[in-house]
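*Asks:* Residue 11 is where the sequence shown starts when you use the working numbering, and the numbers rise one by one after that. We treat Cβ as the ideally placed atom computed from N, Cα and C, and that holds for glycine. As the structure is a prediction and not an experimental result, all values here were calculated from the model. Sharing a structure with you now.
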Amino acid sequence: MNIEKPQDHFPDRRQALRELALASALGALLTHEVLWPDRVALAADPKAPAGDWGTVKGRVVWDDAEKLPERREVDFEKLKLLSDDLKFFTSKGKVCYEDWVIDPKSKALQHVFVWLRPDSTARDPEPLQVHADLKEVKATEVVMDQEPMGYRPHALALRAGQTLVVKNTSPIFHSLAWSSENNGDGNRAMPKGSEVRFEKLKAERIPVPFSCAPHPWEKAYLRVFDHPYFALTGPDGRFEIKLAPAGKVRLAVWQETLGFKGGTAGRFGQPITVEAGATLDLGDLKVKSA
11 MNIEKPQDHF PDRRQALREL ALASALGALL THEVLWPDRV ALAADPKAPA
61 GDWGTVKGRV VWDDAEKLPE RREVDFEKLK LLSDDLKFFT SKGKVCYEDW
111 VIDPKSKALQ HVFVWLRPDS TARDPEPLQV HADLKEVKAT EVVMDQEPMG
161 YRPHALALRA GQTLVVKNTS PIFHSLAWSS ENNGDGNRAM PKGSEVRFEK
211 LKAERIPVPF SCAPHPWEKA YLRVFDHPYF ALTGPDGRFE IKLAPAGKVR
261 LAVWQETLGF KGGTAGRFGQ PITVEAGATL DLGDLKVKSA
């Protein structure tokens, strides 16, 4: 007797998981519509590595319903700088405050920190699983310098164990003030040719601010993570986090003027679902002034 094999009325496992992840992402949107985007896309990633790992990407943009913040120029006349200082700061054109850096055409936000955290509202949750290729911390030494437009880079996202060197290669005197939970506090004089080294940085829960007392418009921000799942938006506002652990996690978004996207509750991030072998595209994450 011939027994006919029953037809498989269900999609393959990966497709089922993909649909489940998409439904979860969309469900999160319906319950957090103020925080998150109009569009979520989930697509198979042929370049994805084997195992339970996926990619999260998106773009941070200014909310269309809100007027763009004006880019404020530093008024050097009111500041009454020394002649050498004025010559240095005006050597490459006008200097603007960098509390908001937004492309006027695309409305993309630069210098926005984006990272993943466990799906928990606990202060110190169990850490995320880390892909084998990312477990080792590269012994990177990153340089921040004093330039006419201000600290460059203006924002840095580093991993615990890496080293930051703040230099003054300019021809004028600066200072460096900072405060942190785990990487000390200080206010160092920085004459021409000097540097301050932060060896083997320790992870921080909150951003580390840098400032220069003689030039109060000069500011910069550093975040130090104890995992590799973070990104910093560039001029196009885009971010991408690869080799993320599949499953339910949270996505946090922070900018120096905005603070956390979503206000106080945003410090725990927004629930999302990462699917193995797929890229979760969150589309445009809209922000506006608090």
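Taking just the CA atoms, how far does Ala286 sit from Met159?
*Replies:* Cα-Cα distance, rounded: 42 Å.
*Asks:* Following the continuous beta strand (DSSP E) through Lys67, name the residue where it begins and the one where it ends.
*Replies:* 63-72 is the extent of the beta strand (DSSP E) around Lys67.
*Asks:* For Asn197, is the classification buried or exposed, using 16 other Cβ atoms within 10 angstroms of its Cβ as the cut-off for buried?
*Replies:* Exposed is the call here.
*Asks:* What are the boundary residues of the alpha helix (DSSP H) that Asp291 is part of?
*Replies:* Taken as a continuous stretch (DSSP letters only), Asp291 belongs to no alpha helix (DSSP H), being part of the beta strand (DSSP E) at 288-297.
*Asks:* Would you list the one or two residues that DSSP bridges to Asp196?
*Replies:* According to the sequence as given, residue 196 is Gly; it is not Asp. Answer by DSSP bridge pairing, in chain order: Trp188.
*Asks:* Helix, strand or coil: which one does DSSP assign to Thr100?
*Replies:* Of the three classes helix, strand and coil, the one that applies to Thr100 here is coil, per DSSP.
*Asks:* Alpha carbons only, please: which of Leu166, Pro181, Val124 is nearest the one belonging to Leu174?
*Replies:* Checked all of Leu166, Pro181, Val124; the closest Cα to Leu174 is Leu166.
*Asks:* Would Trp72 and Leu119 qualify as a contact pair, given that the criterion is a beta-carbon distance under 8 Å?
*Replies:* Result yes, Cβ atoms of Trp72 and Leu119 sit closer than 8 Å.
*Asks:* Contact defined as beta carbons within less than 8 Å: I believe Val122 pairs with Gln265. What is the distance between those atoms, to the nearest angstrom?
*Replies:* Sure, about 5 Å apart at Cβ, within 8 Å.
*Asks:* So Ile216 packs on Leu126, CB below 8 Å; how close in whole Å?
*Replies:* Not confirmed; about 17 Å, so no contact.
*Asks:* Note down the Cα distance separating Phe98 from His164, rounded to an integer number of angstroms.
*Replies:* Each residue's Cα considered, the two are about 18 Å apart.
*Asks:* Rounded to a whole number of angstroms, what is the C-alpha to C-alpha distance between Lys177 and His225?
*Replies:* Those two C-alpha atoms are separated by around 16 Å.
*Asks:* Does DSSP put Phe183 in a helix, in a strand, or in coil?
*Replies:* Phe183: coil per DSSP, three-state reduction.
*Asks:* Less than 8 Å between the CB atoms is what I'm expecting for Gly269 and Ala300, so what's the real figure, rounded?
*Replies:* About 7 Å separates the two Cβ atoms, so the contact holds.
*Asks:* Taking DSSP as the reference, what is the three-state secondary structure of Ser93?
*Replies:* It is helical.
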